Amino acid sequence: MKPKLKVIGTSVPKQDAGMRVTGKAIYGHDIKLQGMLYGAILRTEHPSAIIESIDTSAARKLEGVYCVITADDVDVNNIGYKRDHPILKKGEANCTRDEIAAVAAETKEIAKQALKLIKVKYKVRKGIYDVHEALKEQAPQINKFISGKFSNKNIAETFHYEHGNLEEEKKKSAHIVSRKFTLPRMTHACMATSNVTASYNMLDKKLLLYSSTQVPFLYQRDMAHALKMNPSDIRVIQPIIGGGFGSKLDIHPFEPICALLSIKTGKPVQILYSREEEFIASPIRQPMEIELTAGVDKDGNFTFREINIVKDNGAYTSWGATTPFVIMQSFSSLYKLKACRFNATAVYTNNVFAGSFRGYGNPQATFALERVIDLLADKLGMDKAEIRLKNANEKGEVTGQGLHYDTCGHKECLDTVIKKSKYHSFRNSDNGTLRNTNKNESTNNGSRFKKGIGLASMLHVGGGAKIYRSDGCGTTIKIDPYGYCTIITGSNEIGQGSETVLAMMASEELGIDLKKIKVINTDTDVKPWDVGVHASRTSFVAGNSLLGAIKILKEKLNKKAGELLKSDDTAYEYENGNIYPLRNTNINESTNTENKASKLTKEIANTDSYIRNDSDFVKLDKVVREMHFTEPNELAVANFFYEPSSKFQDKDFKGNVSGSYAFAAQAIEVEVDTYTGNVKVTDIYVAQDVGKVLNPLLLGGQIEGGILQGVGYALTEELLMHEGKILNPNFHNYKMLTAADIPNIHFFPIETNDKEGPYGAKGVGEAPLIPTAAAIANAVCNALGLEVIDLPITPEKVMKALASKNTETIQTKNK
Amino acid sequence: MEFNIINPVSVKELLGAVKKEKHFRFGAGCTDLLMELRKKPDEGLTVINLAQVKDNSFTGIKKSAKGIRMGAMFTAHQIVMNEELKKTFPVLHDSAHNLASTQIRQVATVGGNLCTASPSGDIACALVALRADCELLNTTQKTRTVNISTFFTGVRQTALKPNEVLYGISIPANHKNTKNNYSGFIKVGTRRSMECSVVSLAYHIQVNVEGKILKAGVAIGASAPTVRLAESACDFLIGKTFKNITQKEKEEFADKVLSYASPITDIRATAWYRKEVLYNISKSIFE
Ligand SMILES: Cc1cc2nc3c(=O)[nH]c(=O)nc-3n(C[C@H](O)[C@H](O)[C@H](O)COP(=O)(O)OP(=O)(O)OC[C@H]3O[C@@H](n4cnc5c(N)ncnc54)[C@H](O)[C@@H]3O)c2cc1C
């Protein structure tokens, strides 16, 4: 009998919830340091121009201005994944975000006024805003900082992957479908705008940064490279972060600029973005064109996929350029597939550059793939649920790309949403006849509202992703003489609730009340290394790391407890601040406390033969004190570094890149108003293979938030651009959905108990948004009998498609 | 964004301030004003804050035989919560209920919605359909009344003179023989809240016990430089029985409504879309 989990699996509220809702939380915007100055950035007036001259003299003379810098005033390295991004631009501007100059002044108002006094002479160029234009022979080179190892001067990065015999599989295909999809720019729109406070100490030449980065240790290293400093001379402290979603994976120019202003003035400097600046100058989800050709044999087995992707890289290269790592994974390994050939090219343009964004390319890939699966089913005359179930991934499968599915809830997820949504009774027939669904409406000329249902599923890393040389996380844990526990973890909190989950694990394992557990995770000078918050990895990697540390700590505590209890038992139970020996009743039984099923957790093999006597215990704090004050005079402290079992992929992008894999499926019902073109999402059925539910409340939060982001991607959110300029840098016209738009969400967690995960859990953070747009598009197609190849599906696009009887495709841009 | 602010607490102080100040704007809920000033700072501006003025005729609501009069400072929230308005003029209730969000409705005023004179003003659209009258008060303490159809003179322009403030709005009572009127507000946009109308339609159609239409007010929003009353579409309905309107008549009605529209293409929608949708929702009144 396994001991029952007492804390894990319960709905413990986020530990910082009270602070956040009462306004007590200290965000970067709330930081005020003694003598602090305010920084502001002058950006280019033109997305593409020669900068002929910059005159800062008037700005420097303005009272209250401490410092004005341009590229000429600083000695720095480029930033960015390809080091192709100058912090301050010299000679030319290539993007509407380009930083031309920066000032530090006594007040925000003076800083702004100083910016107005800076005179820049531009020679405006035409600029290139289309990837195909950029690839033309005669196109000028946009970014001059790259090595030029590609065939075309405006290519920033390429990816090529393949498995299986594509030509052979083409021949075996009974049907082949080919489509080109266009995906929009979407922005994170974090509630807290970008912010950083830099404080340089002229005496010891050390730099302190209060930053909202998601990856403090990589940030420290990148910052050091940019500023030509020693990484260890830079200390990064994270205040409470008001939203990340991937936007804070890259280092952005305003951050080293703020550091430079502090270094120059010797005073703390703070830069805060306005909301408009946030829309203009923070990253986006990559826009891309995906050309997908896919085949199916006569029995409905998927045969091959051939993919060509052109991504608009913008003017500089960010982590966003590496999203094909994830995109190719879905194309190669979501559903069983015999052959795959994948090419992706990131192309420089004078548009704004992308960054990473929750899902990391996967919402785009899944949209294209799941749309084409519907089309293949149509060709075959096969049921759309059946074709998915037939090809679904399975436990034990090793995919063409080398992913090992040790556990796999793909089929179960699909099955669950198909059943729960009553998919088959709801769906319109696929031969185009629509069910009249609005019996309540008193229409007399057919129905105004058309209902439809769509299916989609997804695959994502569930146990970190080894894209850096280490995907690990360190933990230090200590218990003080009063029985309180402190977890110092390398991982960080960006609002996802990882602190709470880590505290729950410690409470579970050590029997310490949650109120007595503190999580320290904000300071690079204090905490051990971690790669950062991304790839849905924190609960998995930091959780395993913590459990590893607890195991070591418990060995020490057990030993002392044994001494105090005068027992030679080797198994102990921790509960209510006490340690109970588990007396072994069966001497022949192995006393091995390690169990493969859950390597690091408290579950003890064959506990049946152990007996706990409730009056036979020693208090945990007493054990700690005895360890400290008597032999062996040791503190109750342990360190552990956990590195997932995943492998760095080889040069062909093959290998088991994650410790486990997450699966999910969604069935979504929509109602389309044919009078206005509005698509109303009524019900979303979600099943997600989460491995194990650690905290239902926090999991629900991830699901609901992710889904709303997915609905926005499908229907309303698009950063509109014209010739390199952003047309809607505000919430008024960037249509992020609100609480009033939340559809009915029916969530069904699927527990597959992955042996690699803490308590069997997998990463959950990104998955909820990944299949949503695909399922909505499939539902709209089902409702209207039309094809969607373009996101977002705006009312205008729907009306245009309904109006044009000739074309059967929703493609028109609403400009 | 910087400005001076003065806070009169009585109508007398208010009119005094209007007389004295050279370069001023009124601020009621300031939900439009602050957005406007942030976009276009106005140096040396004084904002005369109307929110502290204590005067029932300016802030309250009153019912009489002639109809209902609201002070200009009556808020969207107060409209939503008022049972009498909900019963008598559903179109007004709906328009206020669909405005912005709960938080904004607490401070946004009916006077502000009219005086901002946006083509997409929701409450304004409902009040045009209701054929309301605007009461303007000048610095000599005289009032004049202009019908709402002449109050809007262009995009963001009104009949208000520099020495006038909008004091109150009167909605004429429903025809006394009417029963179960057809009244509502249709707002088209992408979000369910915090949305500015891409197209809107307000209708208040009064019918007698037999369902015969006695009076009709139909107004369009976000489709022309100002909110407009679709006069000929209203006339077309008089004498018809609401429930018996034929498909052909519906279409004729929608065509008439559309003849008042001269929408623009902007980043939220094309003119084509606005027309298409206006036509459809006009028909939908009878469905
Ligand atoms: C996020 C957001 C969402 C919104 N959504 C909607 C919406 O859905 N529908 C909609 O119609 N509007 C919407 N608005 C606009 C605005 O909220 C409304 O127009 C509101 O009714 C304005 O009222 P106010 O009291 O805030 O006006 P204010 O901003 O105080 O004033 C607006 C203008 O009228 C003038 N003014 C005000 N009162 C008087 C008076 N008594 N006499 C003379 N002049 C006066 C002011 O000088 C100013 O020029 C939205 C605004 C925001 C910020």
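From first to last, the protein sequence lines are chains A and B.
The first sequence runs 1 to 815 under the numbering used here.
The second sequence runs 1001 to 1287 under the numbering used here.
All residues carry an ideal CB built from backbone N, CA and C; glycine is no exception.
Owing to the predicted nature of the structure, the values given are computational and were not obtained by experimental measurement.
By the 8 Å beta-carbon criterion, what residues does the stretch 38-50 of chain A contribute toward chain B? none
With respect to 7 Å, is the separation between the Cβ of ARG1069 (chain B) and the closest non-hydrogen atom of ligand 1 below this value? Start at 1 with the first residue of the second sequence, and residue 1069 (chain B) comes out as number 69. Checking every heavy atom of ligand 1 against the Cβ of ARG1069 (chain B), none is found closer than 7 Å.
Measuring straight from C-alpha to C-alpha, what distance separates PHE150 (chain A) and THR407 (chain A)? Locating residue 150 (chain A) in the first sequence gives position 150, where the first residue counts as 1. Locating residue 407 (chain A) in the first sequence gives position 407, where the first residue counts as 1. About 39 Å.
Between the stretch 321-330 of chain A and the stretch 135-149 of chain A, can you find at least three pairs of beta-carbon atoms closer than 8 Å? no
Using the Cβ count rule (16 or more neighbours within 10 Å means buried), how would you classify ASP72 (chain A)? The sequence position of residue 72 (chain A) within the first sequence is 72, counting from 1. So ASP72 (chain A) counts as exposed.
Quick one: is VAL398 (chain A) buried, meaning 16 or more other Cβ sit within 10 Å of its Cβ, or exposed? Within the first sequence, numbered from 1, the residue matching residue 398 (chain A) stands at position 398. Looking at its Cβ environment, which holds fewer than 16 other Cβ atoms inside 10 Å, VAL398 (chain A) is exposed.
What three-state label does DSSP hand ASN444 (chain A) in the structure shown? As a position in the first sequence, residue 444 (chain A) is number 444, starting the count at 1. The pLDDT assigned to ASN444 (chain A) is 29, lower than 50, so where the model puts this residue is not dependable, and the model offers no usable value.
Which partner residues of SER457 (chain A) appear in the DSSP bridge assignment? Here residue 457 (chain A) refers to the residue found at position 457 when the first sequence is read from its first residue. Note: SER457 (chain A) sits in a beta bridge opposite A:ALA665.
Looking only at DSSP bridge pairs, what is VAL68 (chain A) linked to? In the first sequence, counting from the first residue as 1, residue 68 (chain A) sits at position 68. DSSP output for VAL68 (chain A) lists A:VAL103 as bridge partner(s).
For a minimum of 4 consecutive residues, which ranges assigned as the alpha helix (DSSP H) are wholly contained in the stretch 126-183 of chain A? 131-134 and 166-172
Near ligand 1, which residues have their beta-carbon closer than 5 Å to a heavy atom? B:ARG1025, B:PHE1026, B:GLY1027, B:ALA1028, B:GLY1029, B:CYS1030, B:THR1031, B:ASP1032, B:LEU1033, B:ALA1072, B:LEU1099, B:ALA1100, B:ALA1108, B:THR1109, B:GLY1111, B:GLY1112, B:ASN1113, B:CYS1115, B:THR1116, B:GLY1121, B:ASP1122, B:VAL1165 and B:LEU1166
Contact check, PHE353 (chain A) vs CYS95 (chain A) under 8 Å by CB: the rounded distance? For this step, residue 353 (chain A) is matched to residue 353 along the first sequence. For this step, residue 95 (chain A) is matched to residue 95 along the first sequence. PHE353 (chain A) to CYS95 (chain A), Cβ: 7 Å. Contact.
Cβ-based burial, VAL1091 (chain B) [other Cβ within 10 Å; buried from 16]: Here residue 1091 (chain B) corresponds to residue number 91 of the second sequence, with the count starting at 1. VAL1091 (chain B) is buried by the Cβ-count criterion.
Do the CB positions of ALA368 (chain A) and LEU292 (chain A) come within less than 8 Å of each other? As a working note, residue 368 (chain A) is residue 368 in the first sequence. As a working note, residue 292 (chain A) is residue 292 in the first sequence. In contact: ALA368 (chain A) and LEU292 (chain A) (Cβ atoms closer than 8 Å).
First and last residue of the beta strand (DSSP E) that includes PHE747 (chain A)? Counted from its first residue, the first sequence places residue 747 (chain A) at position 747. Counting along the chain, the beta strand (DSSP E) containing PHE747 (chain A) begins and ends at 744-750.
Could you please give the first and the last residue of the uninterrupted beta strand (DSSP E) stretch that includes GLY1184 (chain B)? The sequence position of residue 1184 (chain B) within the second sequence is 184, counting from 1. 1182-1188 is the extent of the beta strand (DSSP E) around GLY1184 (chain B).
Looking at ALA761 (chain A) and ligand 2, is the gap between the Cβ and the nearest heavy atom below 7 Å? Ligands present in the displayed structure are limited to ligand 1, and ligand 2 is not among them.
Alpha carbon to alpha carbon, how far is ASN1082 (chain B) from LYS1323 (chain B)? Give it in angstroms, no decimals. This structure gives no information on residue 1323 (chain B), because the portion of chain B shown stretches from 1001 to 1287.
Out of A:VAL120, A:LEU502 and A:GLU796, which has the shortest C-alpha to C-alpha gap to LYS515 (chain A)? Numbered from its first residue, the first sequence carries residue 515 (chain A) at position 515. Out of A:VAL120, A:LEU502 and A:GLU796, A:LEU502 has the C-alpha closest to the C-alpha of LYS515 (chain A).
Would you kindly work out how many angstroms separate the C-alpha atoms of ARG1274 (chain B) and ALA1224 (chain B), rounded to a whole number? The residue labelled residue 1274 (chain B) in the question sits at position 274 within the second sequence. The residue labelled residue 1224 (chain B) in the question sits at position 224 within the second sequence. Rounded to the nearest angstrom, the two C-alpha atoms are 10 Å apart.
When A:ARG358, A:SER232, A:LEU207 and A:LEU260 are compared against SER247 (chain A), the one with the closest alpha-carbon: Mapped onto the first sequence, residue 247 (chain A) falls at position 247. It is A:ARG358.
Any chain A beta carbon closer than 8 Å to THR1116 (chain B): One-based indexing of the second sequence puts residue 1116 (chain B) at position 116. Cβ-Cβ to chain A under 8 Å: no for THR1116 (chain B).
Which residues, in order along the stretch 741-755 of chain A, keep a beta-carbon less than 9 Å from a beta-carbon of chain B? ASP741
Report the rounded CA-to-CA distance for VAL120 (chain A) versus ILE110 (chain A), giving the unit in angstroms. One-based indexing of the first sequence puts residue 120 (chain A) at position 120. One-based indexing of the first sequence puts residue 110 (chain A) at position 110. One C-alpha to the other measures close to 19 Å.
Mind checking whether VAL821 (chain A) and ILE707 (chain A) have CB atoms under 8 Å apart? Any property of residue 821 (chain A) remains undetermined from this structure, which presents chain A solely from 1 to 815.
Any beta carbon from chain A within less than 8 Å of ALA1269 (chain B)'s own beta carbon? The count along the second sequence starts at 1 and reaches residue 1269 (chain B) at position 269. Cβ-Cβ to chain A under 8 Å: yes for ALA1269 (chain B).
Chain B contact for GLY23 (chain A) (CB, 8 Å cutoff): Looking up residue 23 (chain A) in the first sequence gives position 23. GLY23 (chain A) does not count as touching chain B.
The stretch 481-490 of chain A in contact with the stretch 523-542 of chain A per 3-pair CB rule at 8 Å: yes
Classify ILE1005 (chain B): buried if its beta carbon has 16 or more other beta carbons within 10 angstroms, exposed otherwise. Here the question's residue 1005 (chain B) lines up with position 5 in the second sequence. Per the 10 Å Cβ criterion, exposed.
Examine chain B for any beta-carbon lying closer than 8 Å to the beta-carbon of PRO795 (chain A), and answer yes or no. Reading the first sequence from its first residue, position 795 is the one you call residue 795 (chain A). Yes, PRO795 (chain A) counts as interfacial toward chain B.
Compute the beta-carbon to beta-carbon distance between LEU620 (chain A) and LYS14 (chain A), rounded to the nearest angstrom, for a pair I have assumed lies under 8 Å. Counting from 1 along the first sequence, the entry for residue 620 (chain A) is found at position 620. Counting from 1 along the first sequence, the entry for residue 14 (chain A) is found at position 14. About 26 Å; that fails the 8 Å criterion.
Below 6 Å CB to CB, which residues in the same chain sit around ASN1177 (chain B) once its five sequence neighbours on both sides are set aside? One-based indexing of the second sequence puts residue 1177 (chain B) at position 177. Within the same chain, ASN1177 (chain B) has close Cβ partners ASN1208.
Going by DSSP, what residue range makes up the beta strand (DSSP E) through VAL637 (chain A)? For the purposes of this step, residue 637 (chain A) is taken as residue 637 along the first sequence, with counting starting at 1. That run of the beta strand (DSSP E) goes 637-642.
Just tell me which of A:CYS67, A:VAL764, A:MET458 and A:VAL798 has its CA closest to the CA of ALA665 (chain A). Position 665 of the first sequence, counting from 1, holds the residue named residue 665 (chain A). Selected option, being the one with the closest Cα: A:MET458.
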